[in-house]
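A.B. asks: Quick one: the structure is below, and I'll ask about it shortly.
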Amino acid sequence: MSTTQITEATRDLSSEEQTRLGLYRQVVRIRAFEERAYRLFMEGLVKGTSHLSLGMEAIAAGFGEAMRADDYTFCTYRGHAHTLARGTPMAGVMGELLGRASGVCGGKGGSMHLTSVEHGAMGSYAIIGAHLPIANGAAWSAQVRGSGQVAVCFFGDGTTNIGAFHEALNLAKVWNLPVVFVCENNLYMEYTAIGDVTAVEHPAADRASAYGLESIIVDGNDPDVMYEVATTAIERARSGGGPSLIEAKTYRHGGHSRADPGEYRPDDEVAEWLTRDPVPNYRARLLADGLDETILEDVEAQAHADVDAATEAARAAPPPQVQAAYNNVWADGGSSWRN
Amino acid sequence: MSTTQITEATRDLSSEEQTRLGLYRQVVRIRAFEERAYRLFMEGLVKGTSHLSLGMEAIAAGFGEAMRADDYTFCTYRGHAHTLARGTPMAGVMGELLGRASGVCGGKGGSMHLTSVEHGAMGSYAIIGAHLPIANGAAWSAQVRGSGQVAVCFFGDGTTNIGAFHEALNLAKVWNLPVVFVCENNLYMEYTAIGDVTAVEHPAADRASAYGLESIIVDGNDPDVMYEVATTAIERARSGGGPSLIEAKTYRHGGHSRADPGEYRPDDEVAEWLTRDPVPNYRARLLADGLDETILEDVEAQAHADVDAATEAARAAPPPQVQAAYNNVWADGGSSWRN
Amino acid sequence: MAELITYRDAVARGLAQELRRDPTVHFIGEDVAAAGGVFKATKGLLEEFGPERVRDTPISEEAILGAAMGAAMTGLRPVAEIMFSDFLATCWDLVAVEIPKTRYMTDGQVSLPLVIRTANGGGLRFGAQHSQAVENWAMSIPGLKVVAPSNPRDVIGLLAAAIRDPDPVVFFEQKSLYPTKGEVPDGEIIDELGVASTVRPGRDVTIVALASMVPRAVAAAEELDGLGISAEVIDLRCLVPLDTTTVIESVKRTSRLVTVEENPRLCGWGAEIVSIVGEECFWHLDGPLTRVTTPHIPLPSSDALEDEFLPSVSRIVEAAQKVLL
Amino acid sequence: MAELITYRDAVARGLAQELRRDPTVHFIGEDVAAAGGVFKATKGLLEEFGPERVRDTPISEEAILGAAMGAAMTGLRPVAEIMFSDFLATCWDLVAVEIPKTRYMTDGQVSLPLVIRTANGGGLRFGAQHSQAVENWAMSIPGLKVVAPSNPRDVIGLLAAAIRDPDPVVFFEQKSLYPTKGEVPDGEIIDELGVASTVRPGRDVTIVALASMVPRAVAAAEELDGLGISAEVIDLRCLVPLDTTTVIESVKRTSRLVTVEENPRLCGWGAEIVSIVGEECFWHLDGPLTRVTTPHIPLPSSDALEDEFLPSVSRIVEAAQKVLL
Ligand SMILES: Cc1ncc(C[n+]2csc(CCOP(=O)(O)OP(=O)(O)O)c2C)c(N)n1
Ligand SMILES: Cc1ncc(C[n+]2csc(CCOP(=O)(O)OP(=O)(O)O)c2C)c(N)n1
Ligand SMILES: [Mg+2]
Ligand SMILES: [Mg+2]
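Quick note, the sequences are listed as chains G, B, C and X, same order.
Using our numbering, read the first sequence as starting at 1 and increasing by one per residue.
Using our numbering, read the second sequence as starting at 1 and increasing by one per residue.
Using our numbering, read the third sequence as starting at 1 and increasing by one per residue.
Using our numbering, read the fourth sequence as starting at 1 and increasing by one per residue.
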């Protein structure tokens, strides 16, 4: 789903350049949003917890650009990026982080449970592994309805060791479902290195053959690579070729959640991965490939303006009305369990 | 744990011949027991349900002979064979099937929950997959205690698709546990062919690499093969070499449970597998290899006599006293949840 | 016209009624299609509706309910079988943490019109891991509707209501009732969730029962009649929504309450009924609030022991006599 | 001598006390060793006891509890952490169907001296999947002991008792209490399971509470004092074994009962207490049996909404006033 807006400055770009600009817009917007979210958490405005995708933006970006508007995204508590990448307005996401009535879930979900069905963002799930089987269900429904929709399901490296992963991958293959499983391997669970608790080196890719799937490992910090692998896998799913499992190697710049400084990670590992930062690197590549810097600056300025506006809107929004706490347990809009 | 009893007639056998005679004794005893269990079920004496290992005896036999007396067996509701193979007296097993006070579990467990801790039979678990993680626990404890014990865990082909399988195999490898996982692939779950619902051809072996394990497929109807693979895997585990996953191909002669005639299976498949019956085939091989038929006849007669005696004892045993229903919820022997 | 059919056959008929009516209804589970279910309660459905709508799954309870949930979010009305209610434990995260909370967490963006059918309860000598009555597990989870029919007619009417309901429903079929028979009218049957039924009117004591406990409560009421005690028997039919009106009105008349449930003692739905009555019609009560339950013990396998545990007619009679002392 | 420490630090101290004492005690869980736990409640244990006794696991809740169960059967005394009590749902088969039933099914052949520690309850704005109070789930399962301390001293004493107990114990640490402080005496602390504590004596109404609800009940009692109502507050400390004696004796004196629990409305432990009292001391009662609970709704994330739901001091005060009307 291209986010490219054709303007005066970008009118003459090739379609490939448009796509790459769209990818850049995605990573820049996510970066700007996540940096702000961190700041607001430290200010005490984001309550509870918050899991950022700083450093991991390219994965959401590549898929965000490659997906069709009616495809389905299933993601985790680390889901700001994936929700935004589908076009969910920043103000609704920021409002949800701040627990405001203006949030996409009216303040009931919070940072870990962003959902915008209208944008194909089918929910952020906070129980490790739970959404893999659920993504299958959406894919099954698309298959039955013949809609051509594809479900894309994002999860972390640590998630590959829970039972639901196994059950979901097997069923996806047996039913030949139009689903793409994307493991964001950022090398860590919360604080434990994935290598310390996993029987194989590549937690997702080394399991692919157990489900009759191809082993795919890609550079999750490269927007071009992510866009390509996403396009291929989505196309395969859409055309009846069944599921894929992609392991995208990446790294989070910060800690697992909240104010975690991530000190359990070796300094040289952090330093090495910071050199692979998808945002400046992609910017440099686009410039090297001849894209006009002013176009990139426009994108950056717009992203920051959007984040500012979303922040202002969220700060200004009222908290949910207490009565709202009693709504939407049931389809009738209410919460009564008795007659 | 050799079951060979040295008698006049077997004194001059080589140690290999003694082992093979032990294997034959195992398959014959299990066969005789299971045939009787079926008859008693049809007579209405075995209540509830019963899952037989008719046709699958060689797996339990091979492991039974290869295990050390203090090793641990974990099996499923299809666990008569494995429980007997560890030397649990037939009378206690039969008593349990008939729900009598004389049963190994005093009538509280039933056919699906045979346990004889004294004989290393650490329980028969009726929830698919549950006992794989539990077997890890016994292996972990053996590792911590430095006891040299090995845990052997039996389960069916259908069990390879449930989450607990995945979690257990991964942890076993990561902790390098002395545990042997044995998949009895009898080609069917209850009534559904395993191939219809599994992403790979060999439900266990094709998953081994996902846990950094060797892929092992063996003829589960051959007692010699089973003994050998068991010995190797147990030795590896005992000497600190970590877990194994073995897929033993086999077939049940009858249906899944109770009175199921197993009609969902193609006639030619059934006929083909009946020619691979481990009991007569092994008998023929032993004779061909020069074992004296009278020795085999002795083993057979003894097995039938034991089954008769066990049946008589169980039939004669009283049902549990009602008061027993209130015992052994807690370690204090009672069931009170209040002061 | 009416027909005498088994509870087991009523399940197949109820499913067929809805599969015929609504092409978005799909049914999945272990051994449900080709084999017609391990309890033979779904026989003939594969033949009539084909393998796309009636589908066998691997032994993967989380994958089954995940498939149902994701499909329900996106336009299907799935019915998923979890073979024994004990196995809900293997997919409890889906049942208790994903399915019931998603509508709320998304502030109503997501609808989950799905049904989880499952065989519940004891009496078949299957032992502690295949005999649990766990309808209280489901009742304790906000966001689940909970249904448990006691007879073939209700199986059809309530199953239809569950399938048409826009919210997730856990549908408990009592496995000891599968072979029991009852009159079922011809044609479509459709009930409303949350309506209890007063199966026997009475004056002296209200006996509230569910599923397999309903026939026992009725038998007890008949015995009590002989002892000069007039017992009213209410079949709850649903735990959520709960028909508190029928219960409370009855207790206001009889002034005495006995609940009869197969759940083990602690935190069963009987405790919930007692608590509602103890708070909302306390001043009408003339005797202690009494529950008949299975003791708080895992169910033993042996027939001699299992029969000791499940609430019996005589235990119900005794409880009713006691509250009338 | 005594020391003022947090509930969080009490967990580490309690575990250290038992790890020091008994070499068969082993502790496993996700991020518990190197990181000292996501709530920092197990800091320092790896350093003192080494990686064989304090061990990080993969994200595999079934594997964690399976390891604990198998080890407990064969000579260890494992303590397993399930990080949030919500995650018990992902291993509920182990918690509800394997661990509690095995001693019984084997007629006493197998002992399972193990403890499942888990962070329970709301108040941290974590939303519906990380905030559930589920101690009633555990209480409803025959074969589990259930403990939930309300203060640092009890954390140590009850954790020691749980670890030394020969039966499986689910140990609920209330996550909203982790930062709270309390006086803890020096030296070994060991309590007995199943003994409630009357934290505040009173004459007019018995308020039964647990864990985070204890300080709120005490605050309510203080407010009620100002309104001329003398409330007795009981901290249950354990749900199984349940100290019914203390509760019943209190209600016999006060004639009125209010339970205060964080569980959602239906089938909480409050209903069990109400039912026991409603049956066993009915004739002593002078007012309706009343429960204060979280409404039967998944917990919302926003602070404004979450505060609306968790039982507050003012709701407890109102409930007590109501039963005294
Ligand atoms: C079933 C379950 N177990 C544990 C947790 C706690 N938890 C939340 S995030 C996390 C780490 C997940 O690691 P990974 O899958 O690599 O994702 P990442 O956070 O690195 O994106 C854990 C253990 C959980 N939410 N659910
Ligand atoms: C979690 C769970 N799901 C379903 C069942 C019902 N069930 C009992 S046996 C069985 C088939 C198991 O097949 P397999 O693992 O191949 O073992 P086999 O019976 O062939 O030895 C099923 C589905 C169960 N006991 N537990
Ligand atoms: Mg990770
Ligand atoms: Mg099989």
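Using N, Cα and C, we set each Cβ at its ideal position, and we do this for glycine too.
Because the structure is a prediction, the values reported are computed rather than measured.
1) Is the Cβ-Cβ distance between LEU289 (chain X) and LEU257 (chain X) less than 8 Å?
2) Taking 6 Å as the limit between beta carbons, can you name the residues of its chain near GLY240 (chain B), skipping five residues before and five after?
3) Counting only Cβ pairs nearer than 7 Å, list the residues of chain B close to ILE134 (chain G).
4) Name the two residues that bound the continuous beta strand (DSSP E) containing LEU310 (chain X).
5) Could you check if GLN174 (chain X) is buried or exposed, using at least 16 other CB atoms within 10 Å of its CB as the buried criterion?
6) Counting only the same chain and skipping the five closest in sequence on each side, list residues whose C-beta sits under 8 Å from that of THR106 (chain C).
7) Looking only at its own chain, which residues have a Cβ that is under 6 Å from the Cβ of VAL214 (chain C), when we skip the five neighbours before and after it?
8) From B:ALA60, B:ARG39 and B:ALA58, pick the residue whose C-alpha is nearest to that of SER50 (chain B); which is it?
9) Using only Cβ atoms and a threshold of 7 Å, which residues come within that distance of a heavy atom of ligand 3? Order them by chain position.
10) Based on the DSSP secondary-structure assignment, which residues constitute the bridge partners of GLU223 (chain X)?
11) Which ranges does the beta strand (DSSP E) cover as unbroken runs of at least 3 residues, wholly within the region 233-304 of chain X, from first to last along the chain?
12) By DSSP, does SER215 (chain B) sit in helix, in strand, or in coil?
13) Run the CB neighbour count on PRO203 (chain B), radius 10 Å, all protein chains shown included, and call it buried at 16 or more, exposed below.
14) Measuring only from the beta carbon, is MET83 (chain C) closer than 7 Å to any heavy atom that is part of ligand 2?
15) Among all the DSSP beta bridges, which residues are the ones paired with HIS26 (chain C)?
16) Just to confirm, is the Cβ distance from VAL117 (chain G) to CYS153 (chain G) under 8 Å?
17) Can you tell me whether LEU245 (chain B) is helix, strand or coil according to DSSP?
18) Going by the C-beta, is THR10 (chain G) closer than 7 Å to any heavy atom of ligand 1?
19) Apply the 10 Å Cβ neighbour rule to GLU232 (chain X) and answer buried if 16 or more other Cβ atoms are within range, or exposed otherwise.
20) Within the region 110-141 of chain G, note down every full beta strand (DSSP E) run reaching 3 residues or more, in order along the chain.
21) Check whether the Cβ of ARG250 (chain G) lies closer than 7 Å to any heavy atom of ligand 1, and answer yes or no.
22) If you scan the region 143-169 of chain X from start to end, which runs of the beta strand (DSSP E) of 3 or more residues do you find wholly inside it?
23) With distances taken from CA atoms, which of B:ALA317, B:TRP273, B:ILE194 and B:GLY137 is nearest ASN161 (chain B)?
24) Taking DSSP's pairing of strands, which residues face THR73 (chain B) in a bridge?
25) Exposed or buried, what is MET326 (chain X) when buried is set at 16 or more other beta-carbons lying within 10 Å of its beta-carbon?
26) Under 8 Å, do ILE59 (chain G) and GLU184 (chain G) count as touching if we go by C-beta distance?
27) How would you label GLN109 (chain C), buried or exposed, when you count the other beta carbons within 10 angstroms and need 16 or more for buried?
28) If we ignore side chains and look at the alpha-carbon of each, how far apart do LEU299 (chain X) and GLY121 (chain C) end up?
29) If you measure beta-carbon to beta-carbon, which residues of the region 221-233 of chain X are closer than 8 Å to chain B?
30) Name the chain G residues that come within less than 7 Å of HIS130 (chain X), Cβ to Cβ?
31) In three-state DSSP terms, what is GLU190 (chain B)?
32) If I measure Cβ to Cβ from THR102 (chain C) and keep anything under 7 Å in the same chain, skipping five residues before and after, which residues do I get?
33) Which residues in the same chain have their Cβ closer than 6 Å to the Cβ of MET226 (chain G), if we skip the five residues on either side of it in sequence?
34) Okay, do the region 248-268 of chain C and the region 202-217 of chain C touch, 3+ Cβ pairs below 8 Å being the bar?
35) In angstroms, rounded to a whole number, what distance separates the CA positions of GLU35 (chain B) and THR311 (chain B)?
36) Determine the direct distance from the alpha carbon of LEU287 (chain B) to that of SER14 (chain B), and round the result to whole angstroms.
C.D. replies: Inspection of the coordinates gives the following:
1) Counting from one through the fourth sequence, the residue named residue 289 (chain X) turns up at place 289. Counting from one through the fourth sequence, the residue named residue 257 (chain X) turns up at place 257. Yes, the Cβ-Cβ distance between LEU289 (chain X) and LEU257 (chain X) is below 8 Å.
2) Walking along the second sequence from the start, residue 240 (chain B) turns up at place 240. Cβ neighbours of GLY240 (chain B) beyond the five flanking positions: none.
3) To locate residue 134 (chain G), count along the first sequence from 1; it is residue 134. Going along chain B, no residue has its Cβ under 7 Å from ILE134 (chain G), so there is no contact; the nearest lies around 14 Å.
4) Walking along the fourth sequence from the start, residue 310 (chain X) turns up at place 310. Element bounds for LEU310 (chain X): n/a, residue is neither H nor E.
5) To locate residue 174 (chain X), count along the fourth sequence from 1; it is residue 174. It is buried - the Cβ of GLN174 (chain X) has at least 16 other Cβ atoms within 10 Å.
6) Residue numbering aside, residue 106 (chain C) sits at position 106 when the third sequence is read from its first letter. If we look at THR106 (chain C) and ignore the five residues flanking it on each side, it has no Cβ neighbours.
7) As a working mapping, residue 214 (chain C) is identified with position 214 in the third sequence. Only SER150 and ASP235 meet the Cβ criterion.
8) Here residue 50 (chain B) refers to the residue found at position 50 of the second sequence. Of the listed residues, the one whose Cα sits closest to SER50 (chain B) is B:ARG39.
9) G:GLY156, G:ASP157, G:GLY158, G:GLU184, G:ASN185, G:ASN186, G:LEU187, G:TYR188, G:MET189 and G:ILE194
10) Locating residue 223 (chain X) in the fourth sequence gives position 223, counting from the first residue. According to DSSP, GLU223 (chain X) bridges with nothing at all.
11) 238-240, 257-264 and 290-294
12) Counted from its first residue, the second sequence places residue 215 (chain B) at position 215. Looking at SER215 (chain B) - three-state DSSP - the assignment turns out to be coil, as it is neither helix nor strand.
13) Counting from 1 along the second sequence, the entry for residue 203 (chain B) is found at position 203. Buried.
14) Sequence index remark: in the third sequence, residue 83 (chain C) carries index 83 (1-based). Checking every heavy atom of ligand 2 against the Cβ of MET83 (chain C), one is found closer than 7 Å.
15) In the third sequence, counting from the first residue as 1, residue 26 (chain C) sits at position 26. For HIS26 (chain C), which the question treats as bridged, DSSP gives the partners C:PRO78.
16) For this step, residue 117 (chain G) is matched to residue 117 along the first sequence. For this step, residue 153 (chain G) is matched to residue 153 along the first sequence. No, the pair does not count as a contact, with Cβ atoms beyond the cut-off.
17) In the second sequence, counting from the first residue as 1, residue 245 (chain B) sits at position 245. Three-state result, LEU245 (chain B): strand.
18) Your numbering for residue 10 (chain G) matches position 10 in the first sequence. Checking the Cβ of THR10 (chain G) against ligand 1 gives no.
19) If you number the fourth sequence from 1, residue 232 (chain X) lands on position 232. With 16 or more other Cβ atoms within 10 Å, it is buried.
20) 121-125
21) Within the first sequence, numbered from 1, the residue matching residue 250 (chain G) stands at position 250. The question names Arg, but residue 250 (chain G) in the sequence shown is Thr. For ligand 1, not one heavy atom lies less than 7 Å from the Cβ of THR250 (chain G).
22) 145-147
23) Counting from 1 along the second sequence, the entry for residue 161 (chain B) is found at position 161. Answer by Cα proximity: B:ILE194.
24) For the purposes of this step, residue 73 (chain B) is identified with residue 73 of the second sequence, where counting begins at 1. According to DSSP, THR73 (chain B) bridges with B:ALA121 and B:VAL152.
25) Nothing about residue 326 (chain X) can be reported from this structure: the residues present for chain X run from 1 to 325 only.
26) One-based indexing of the first sequence puts residue 59 (chain G) at position 59. One-based indexing of the first sequence puts residue 184 (chain G) at position 184. For ILE59 (chain G) and GLU184 (chain G), yes; Cβs fall inside 8 Å.
27) Within the third sequence, the letter at position 109 stands for residue 109 (chain C). When all chains shown are included, GLN109 (chain C) counts as buried.
28) For the purposes of this step, residue 299 (chain X) is taken as the residue at position 299 of the fourth sequence. For the purposes of this step, residue 121 (chain C) is taken as the residue at position 121 of the third sequence. Their backbone Cα atoms lie some 30 Å apart in a straight line.
29) none
30) Counting from 1 along the fourth sequence, the entry for residue 130 (chain X) is found at position 130. Here the neighbours are ALA126.
31) For the purposes of this step, residue 190 (chain B) is identified with residue 190 of the second sequence, where counting begins at 1. DSSP places GLU190 (chain B) in coil when its eight states are reduced to three.
32) Within the third sequence, numbered from 1, the residue matching residue 102 (chain C) stands at position 102. Here the set comprises VAL110 and LEU112.
33) Here residue 226 (chain G) corresponds to residue number 226 of the first sequence, with the count starting at 1. Within the same chain, MET226 (chain G) has close Cβ partners ALA58, ILE59 and GLY62.
34) yes
35) Translated into positions along the second sequence, residue 35 (chain B) becomes position 35. Translated into positions along the second sequence, residue 311 (chain B) becomes position 311. Going by the C-alpha atoms only, they are around 12 Å apart.
36) Walking along the second sequence from the start, residue 14 (chain B) turns up at place 14. Walking along the second sequence from the start, residue 287 (chain B) turns up at place 287. If I take the Cα positions, the gap works out to 15 Å.
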